[in-house]
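Undergrad: Numbering (this note's numbering), first residue to last: 196 to 306. By construction, the Cβ of each residue, glycine as well, lies at the ideal position given by its N, Cα and C atoms. Structure incoming, see below.
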Amino acid sequence: MVCAVGAGVSTFKNLFFPSAYEDLIHKYSNQYDVDKYLVMAVIRAESNFIPDAHSGKASGLMQLTDETAEWICKKLDINFKKIDLFKPSDNIKLGCFYLKYLIDNFKVNKK
196 MVCAVGAGVS TFKNLFFPSA YEDLIHKYSN QYDVDKYLVM AVIRAESNFI PDAHSGKASG
256 LMQLTDETAE WICKKLDINF KKIDLFKPSD NIKLGCFYLK YLIDNFKVNK K
């Protein structure tokens, strides 16, 4: 870890948040108004940036279940049968929409 810190912030960032899907993350986080670093953190925690990750019920970078993906597709008027949860663009798009939904619907009023 000392080497990463000595190498600079960009190297440190790339160790924890690889830039392989940065364009897709930027596109869909902007489209759905979700912080791109939150999206990266979810991907890191759920799949470690491995697009074909599968955990029994959930699939892809953001580990979406078929049931959740189908619900999102209905909301977005997308044909669920044309979605591939292992395809980064599909997974990140649906995942960003879902994160925005969760943020908007489960906000805690901090006073």
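Can you tell me whether DSSP reads A264 as helix, strand or coil?
TA: helix
Undergrad: Any idea if N286 is buried or exposed, counting beta-carbon neighbours within 10 angstroms, 16 or more meaning buried?
TA: buried
Undergrad: If you follow the alpha helix (DSSP H) that Y251 is part of, which residue opens it and which one closes it?
TA: According to the sequence displayed, residue 251 carries Gly and not Tyr. Per DSSP, G251 belongs to no alpha helix (DSSP H) and is neither H nor E.
Undergrad: Give me the Cβ distance between L280 and G255, rounded to the nearest whole Å; I'm assuming they're in contact under 8 Å.
TA: 4 Å
Undergrad: DSSP three-state call for L259: helix, strand or coil?
TA: strand
Undergrad: Should the region 255 to 270 be regarded as contacting the region 286 to 300, the criterion being three or more beta carbon pairs within less than 8 Å?
TA: yes
Undergrad: Could you give the first and the last residue of the continuous alpha helix (DSSP H) run that contains V229?
TA: For V229, no alpha helix (DSSP H) segment is defined, and its DSSP state is neither H nor E.
Undergrad: DSSP three-state call for N144: helix, strand or coil?
TA: There is no way to answer for residue 144, as the model of the chain reaches only from 196 to 306.
Undergrad: Go ahead and pull the three-state DSSP assignment for L244.
TA: The displayed chain sequence assigns Phe, not Leu, to residue 244. DSSP places F244 in coil when its eight states are reduced to three.
Undergrad: Go ahead and label S284 buried or exposed: buried means 16 or more other beta carbons lie within 10 angstroms of its beta carbon, across all protein chains shown.
TA: exposed
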